[in-house]
Structures are given as C-alpha cells and as structure tokens.
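Take a look at the structure below.
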Amino acid sequence: MQVLRKFRLIFNTIKAHFRDLERKTGVAGAQVWALSVLRDQPGIGVNALARELDIRQSTASNLLKPLIEQQLVTAERAQGDRRSVELRITPRGLRVLKKAPAPFIGVLPEIIAQLDARTLSRLDEDLEVVIRLVRADREASRTPLGQPEEA
Numbered sequence: 000m001q002v003l004r005k006f007r008l009i010f011n012t013i014k015a016h017f018r019d020l021e022r023k024t025g026v027a028g029a030q031v032w033a034l035s036v037l038r039d040q041p042g043i044g045v046n047a048l049a050r051e052l053d054i055r056q057s058t059a060s061n062l063l064k065p066l067i068e069q070q071l072v073t074a075e076r077a078q079g080d081r082r083s084v085e086l087r088i089t090p091r092g093l094r095v096l097k098k099a100p101a102p103f104i105g106v107l108p109e110i111i112a113q114l115d116a117r118t119l120s121r122l123d124e125d126l127e128v129v130i131r132l133v134r135a136d137r138e139a140s141r142t143p144l145g146q147p148e149e150a
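With the first letter of the sequence shown counted as 1, position 35 gets the number 34 in numbering that gives the first Met the number 0; the numbers rise by one all the way through.
Structure follows, in structure tokens:
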C-alpha cells in the first residue's frame, strides 16, 4: 500500500499543479510550457517546438491552435520556406505566462531534471518493469500530462 500511496501522491501533486496553472492562466499546462519555449526561442517552427516538448508534431499543432485563436501566439509563413511557419509569443501571451506559477515545464519534468544520474537510471529500470506489467501503450509517452482535453 505504501507504493500505491506514493503513486497517488505524485499523480495528485501533478494534477493540483495543472489545475492551479489553468485557473491562474486560463490555458492548459502543456500550453504554458509551449508559451515559455516560444518566449525563449522566437521564430521556432512547429517541428522544433514538438522536439522541445518531446511530443509528436501533430500534438504540437493541436496545442497551438487555441493559443493562436486566443491571440497568444502568432504563426507566420517563413520567408525562405513558405511551407514552414515561424511561431512567436504575443504581448498577450507574455501576460498569460507572467501569471503562471513555476515550473513552466511541469512538476514531473522539473523533478526528473533534478535527479542524479544513478537515481534516474534506477528509476528508469524500475518503471520499465511497471510499464511492462500494465501493458502500456508506448505512444502515450509522447502525450503531455497537461494537455487540454480537445487537443
């Protein structure tokens, strides 16, 4: 039961962070992370954004649609390659980002980044056992936890 409680504690902490984030900003957690990347890398393309967020390109496109509709992000055709777009956060998007509590990348990625190599390796091996037992769909690993329902 101790392990079950620890999983619940982790999941509920993550859910609480995303609820707080959405309440304060009006956008989902993964979208806040995307806004922070666009702030730090103006002009980045959709594929590069997907790599930064470790998600599929189609998921990144779905995350961006409401941000563009809400005028938090602009997407303009690139000068050299008309097939690609350059994404930029707008002043309105910056105001939303200022309301967001840290960490922008989410609680779990922030914590994982703080683990030493030995702990991370051991955790990776142990989680692999759990993943095999639950017969998890590995494609789901590319779906962010703080993704809006419609994306």
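Cβ atoms here follow ideal geometry from the backbone N, Cα and C, with glycine treated the same way.
query = Looking at the structure shown, is alanine 74 part of a helix, part of a strand, or coil, going by DSSP?
reply = Within the sequence shown, numbered from 1, the residue matching residue 74 stands at position 75. DSSP places alanine 74 in strand when its eight states are reduced to three.
Spatial distance of asparagine 61 from arginine 18 (CA atoms)
On the sequence shown, position 62 is the one that residue 61 refers to. On the sequence shown, position 19 is the one that residue 18 refers to. Each residue's alpha carbon lies about 20 Å from the other.
- Give the C-beta separation of valine 45 and valine 95 to the nearest angstrom, bearing in mind that I take them to be a contact with Cβ-Cβ under 8 Å. The residue labelled residue 45 in the question sits at position 46 within the sequence shown. The residue labelled residue 95 in the question sits at position 96 within the sequence shown. Actually they do not touch by this definition, with Cβ atoms about 20 Å apart.
Please name the residue in Arg7, Arg50 and Ala59 whose C-alpha comes closest to that of glutamine 30. The residue you call residue 30 lines up with position 31 of the sequence shown. Ranking the options by Cα distance to glutamine 30, first place goes to Ala59.
Check your understanding: My guess is that isoleucine 67 and leucine 34 are in contact by the Cβ rule of under 8 Å, so how many angstroms apart are they, rounded?
Key -> As a working mapping, residue 67 is identified with position 68 in the sequence shown. As a working mapping, residue 34 is identified with position 35 in the sequence shown. Incorrect: roughly 12 Å between the Cβ atoms, too far for contact.
Checklist entry - Got a sec, what are the start and stop residues for the alpha helix (DSSP H) leucine 132 sits in? => result Reading the sequence shown from its first residue, position 133 is the one you call residue 132. Its alpha helix (DSSP H) spans residues 116–133.
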